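J.: Mind looking over this structure? Questions follow.
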Amino acid sequence: MNQVTAVKLTGGDGDEAIAVRQIGPTFGAEITGMPIHGDVSPELLTQFIAALHRYRVLIVPGLDLDPGDLVAFSRRFGPLEIHARFQNTLPKHREVFCVGNVERDGMTASFSRGVEQWHADSSYRAKPSDASLFYAEIVPDEGGDTMFADATAAWRALDPETRRRIDGLQAVHSLETLRLWGERHNPDRKSDVSAQNAEFPPIRQPLVRAHPATGAKSLYLCPAVISHIEDLGPNESADLIETLIMHTTQARFVYNHRWRKGDLVMWDNSAVLHTATLFDHTRYQRLMYRTTIAGNAPALAD
Ligand code: OGA
Ligand code: MN
955 MNQVTAVKLT GGDGDEAIAV RQIGPTFGAE ITGMPIHGDV SPELLTQFIA ALHRYRVLIV
1015 PGLDLDPGDL VAFSRRFGPL EIHARFQNTL PKHREVFCVG NVERDGMTAS FSRGVEQWHA
1075 DSSYRAKPSD ASLFYAEIVP DEGGDTMFAD ATAAWRALDP ETRRRIDGLQ AVHSLETLRL
1135 WGERHNPDRK SDVSAQNAEF PPIRQPLVRA HPATGAKSLY LCPAVISHIE DLGPNESADL
1195 IETLIMHTTQ ARFVYNHRWR KGDLVMWDNS AVLHTATLFD HTRYQRLMYR TTIAGNAPAL
1255 AD
């Protein structure tokens, strides 16, 4: 840990290399030398993507980005999703989904009081997001960290018997399940999501998924979104998810990101889980800009 590695993977003739310093227990790395504004050579982009696949969460600190810069950089990785909740997006950049407790210029950031809702982004879509980028615009003085769990290392650490039992199971991901979870934690807010629910009906996703680029297996767990696991009874289903999420979110697989304004973090939704943490929303403001790279349908691991 903490050693600086020059990740040089392409056979190109340039000498450019990004520097990578691992900061989490099994994953997570801080990147320097990656131009975020303006042009990026294909070589550096290839190195950045290789680092994402290897470290799963990348942190680029100390930036000064506007939403347009974030969108332009994010597009280098593929087409971007437009979030179904339009009111949480920026009117001038619909690709930017806003998270926090700020309301301005025709945008209301998405704010949830639920705690530890581990998930990977847009698992309710037939083609969930490959990766997300999060830029810290306004950071509270305390709290509001984001935690990441290494769902890839967690899979590898399971005993062979459990792996055999769960590999091949299918979980049903449902926005209605998420809505009910949200209502329990935010009882004063009733949102009408019927249109969203109609656009995204419940969908099956593998419980153990293979990474689309590397093939690495990981646990695809979104406890607030999964209504049940197919072929299991409701109690067995709930128990299995609880056991697996407790396993995956042990300290040895978790990296807690304490935000500083100007941090850009990119995470691989096919390999890690993440969750927001609480902050005192009566004292502090928080505003994060998220872009979400569209993905491919997750493959069963076998
Ligand atoms: C998200 C998310 C975490 C946070 O917007 O996808 O999970 O810390 N946010 O706000
Ligand atoms: Mn998320």
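Position one of the sequence shown corresponds to residue 955 (my numbering), numbered consecutively onward. For glycine and all other residues, C-beta sits at the position ideal for the given N, C-alpha and C. What you are looking at is a predicted structure, and each value in this text was computed from that prediction instead of being measured.
Run the CB neighbour count on ALA1204, radius 10 Å, all protein chains shown included, and call it buried at 16 or more, exposed below.
T.: Position 250 of the sequence shown, counted from the first residue, corresponds to residue 1204. Per the sequence shown, the amino acid found at residue 1204 is Gln instead of Ala. Flag for GLN1204 reads exposed.
J.: Please state whether DSSP places ASP1222 in a helix, a strand or coil.
T.: As a working note, residue 1222 is residue 268 in the sequence shown. If DSSP states are grouped into helix, strand and coil, ASP1222 belongs with the strands.
J.: With 16 as the cutoff for other CB atoms within 10 Å, does ALA1251 come out buried or exposed?
T.: Numbered from 1 along the sequence shown, position 297 holds the residue referred to as residue 1251. Result: exposed.
J.: Can you find a heavy atom of the ligand MN that lies under 7 Å from the Cβ of HIS1047?
T.: For this step, residue 1047 is matched to residue 93 along the sequence shown. No, the Cβ of HIS1047 stays beyond 7 Å of every heavy atom of the ligand MN.
J.: Is any heavy atom of the ligand OGA found at a distance shorter than 7 Å from the C-beta of ARG1212?
T.: Here residue 1212 is taken as the residue at index 258 of the sequence shown, counted from 1. Here the distance from the Cβ of ARG1212 to the nearest heavy atom of the ligand OGA is not below 7 Å.
J.: Please look up how many angstroms separate the CB atoms of TYR1209 and VAL1025, rounded, as I've assumed it's under 8 Å.
T.: Indexing the sequence shown from 1 puts residue 1209 at position 255. Indexing the sequence shown from 1 puts residue 1025 at position 71. Rounded, the Cβ-Cβ distance is 26 Å, inconsistent with contact.
J.: Taking the runs of the alpha helix (DSSP H) that are 4 residues or longer, which of them lie wholly in the region 1017–1074?
T.: 1021–1029
J.: Give the straight-line distance between the Cα atoms of LEU1040 and PRO1094, rounded to the nearest whole angstrom.
T.: Here residue 1040 refers to the residue found at position 86 of the sequence shown. Here residue 1094 refers to the residue found at position 140 of the sequence shown. The sequence shown places Phe at residue 1040, rather than the Leu named in the question. PHE1040 and PRO1094 have their C-alpha atoms spaced approximately 25 Å apart.
J.: At a threshold of 7 Å, does HIS1228 count as lining the ligand MN (C-beta to nearest heavy atom)?
T.: Counted from its first residue, the sequence shown places residue 1228 at position 274. Within the cutoff, so yes.
J.: Thinking C-alpha only, which one of PHE1233, VAL1162, ILE977 is nearest ILE1199?
T.: By one-based count along the sequence shown, residue 1199 stands at place 245. The option with the nearest alpha carbon to ILE1199 is VAL1162.
J.: Does the count of Cβ pairs from the region 1056–1073 and the region 1165–1184 closer than 8 Å reach three?
T.: yes
J.: In terms of alpha-carbon separation, which member of HIS1235, SER1224, ASP1185 lies closest to SER1066?
T.: Against the sequence shown, residue 1066 aligns to sequence position 112. Checking every option, the nearest Cα to that of SER1066 belongs to HIS1235.
J.: What residues in its chain sit with their C-beta under 8 Å from that of ALA960, if we drop five residues either side in the sequence?
T.: Numbered from its first residue, the sequence shown carries residue 960 at position 6. A caution first: ALA960 carries a pLDDT of 45, below 50, which makes its placement in the model unreliable, though a value can still be read off. Result list for ALA960: ALA971, ILE972, ALA973, VAL974, in chain order.
J.: Please go through the region 1121–1191 and give each complete alpha helix (DSSP H) segment of 4 or more residues, from N-terminal end onward.
T.: 1129–1139, 1148–1153
J.: The ligand MN heavy atoms versus the CB of HIS1139: any closer than 7 Å?
T.: Residue mapping note: residue 1139 aligns to position 185 of the sequence shown, counting from 1. Not under cutoff, so the answer is no.
J.: Using only the alpha-carbon positions, how far apart do ARG1079 and GLN1239 sit?
T.: Counting from one through the sequence shown, the residue named residue 1079 turns up at place 125. Counting from one through the sequence shown, the residue named residue 1239 turns up at place 285. ARG1079 and GLN1239 have their C-alpha atoms some 30 Å from each other.
J.: Is any heavy atom in the ligand OGA found nearer than 7 Å to the beta carbon of ARG1133?
T.: As a position in the sequence shown, residue 1133 is number 179, starting the count at 1. ARG1133: no, Cβ never under 7 Å from the ligand OGA.
J.: Measure the alpha-carbon distance for VAL1090 versus PRO996 and round it to whole angstroms.
T.: As a first step, residue 1090 must be located in the sequence shown, where it is residue number 136. As a first step, residue 996 must be located in the sequence shown, where it is residue number 42. The sequence shown places Ala at residue 1090, not Val. C-alpha separation (whole angstroms): 26 Å.
J.: Taking a contact to mean a Cβ-Cβ separation below 8 Å, would you say PHE1088 touches MET1242 in this structure?
T.: For this step, residue 1088 is matched to residue 134 along the sequence shown. For this step, residue 1242 is matched to residue 288 along the sequence shown. It is a contact, given that the beta carbons lie within the stated cut-off.
J.: Are there any heavy atoms of the ligand MN lying less than 7 Å away from the beta-carbon of ASP1217, as far as the coordinates show?
T.: Residue numbering aside, residue 1217 sits at position 263 when the sequence shown is read from its first letter. It does not: the Cβ of ASP1217 is nowhere closer than 7 Å to a heavy atom of the ligand MN.
J.: Excluding the 5 residues preceding and the 5 following LEU1044 in the sequence, name in chain order all residues of the same chain whose CB lies nearer than 7 Å to its CB.
T.: Here the question's residue 1044 lines up with position 90 in the sequence shown. Same-chain partners within the cutoff: PRO1021, VAL1050, CYS1052, MET1061.
J.: HIS1211 by DSSP, collapsed to three states: which one?
T.: Within the sequence shown, residue 1211 is the residue found at index 257, counting from 1. HIS1211 falls in the strand class under three-state DSSP.
J.: Taking just the CA atoms, how far does PHE981 sit from ILE990?
T.: Here residue 990 corresponds to residue number 36 of the sequence shown, with the count starting at 1. Here residue 981 corresponds to residue number 27 of the sequence shown, with the count starting at 1. Distance between the alpha carbons of ILE990 and PHE981 is about 22 Å.
J.: Does the region 1105–1123 come within contact of the region 1028–1039, defined as at least 3 CB pairs closer than 8 Å?
T.: With fewer than three CB-CB distances shorter than 8 Å, the region 1105–1123 does not count as touching the region 1028–1039.
J.: Using the three-state DSSP reduction, which class does LEU1232 fall into: helix, strand or coil?
T.: One-based indexing of the sequence shown puts residue 1232 at position 278. Here LEU1232 sits in coil by DSSP.
J.: What residue range is occupied by the uninterrupted beta strand (DSSP E) comprising ILE1013?
T.: Translated into positions along the sequence shown, residue 1013 becomes position 59. Segment 1011–1014, the beta strand (DSSP E) holding ILE1013.
J.: Classify GLN957: buried if its beta carbon has 16 or more other beta carbons within 10 angstroms, exposed otherwise.
T.: For the purposes of this step, residue 957 is identified with residue 3 of the sequence shown, where counting begins at 1. Here GLN957 scores only 41 on pLDDT, less than 50, and its place in the model should not be relied on; the value that follows carries that caveat. Under this definition GLN957 is an exposed residue.
J.: Report the rounded CA-to-CA distance for THR1246 versus HIS1047, giving the unit in angstroms.
T.: The count along the sequence shown starts at 1 and reaches residue 1246 at position 292. The count along the sequence shown starts at 1 and reaches residue 1047 at position 93. Approximately 13 Å, taken between the alpha carbons.
J.: Helix, strand or coil: how does DSSP classify LEU1112 here?
T.: Here residue 1112 refers to the residue found at position 158 when the sequence shown is read from its first residue. The three-state reading of DSSP puts LEU1112 in coil, since its state is none of H, G, I, E or B.
J.: For THR964, which residues from the same chain have a beta carbon less than 6 Å from its beta carbon, with the 5 sequence-adjacent residues on both sides left out?
T.: What you label residue 964 is simply residue 10 of the sequence shown in a count that begins at 1. Low per-residue confidence applies at THR964: pLDDT is 46, beneath 50, and the placement is therefore not dependable, though the value from the model is reported in the following sentence. Counting only Cβ-Cβ distances below 6 Å, and skipping sequence neighbours, we find GLU997, THR1000.
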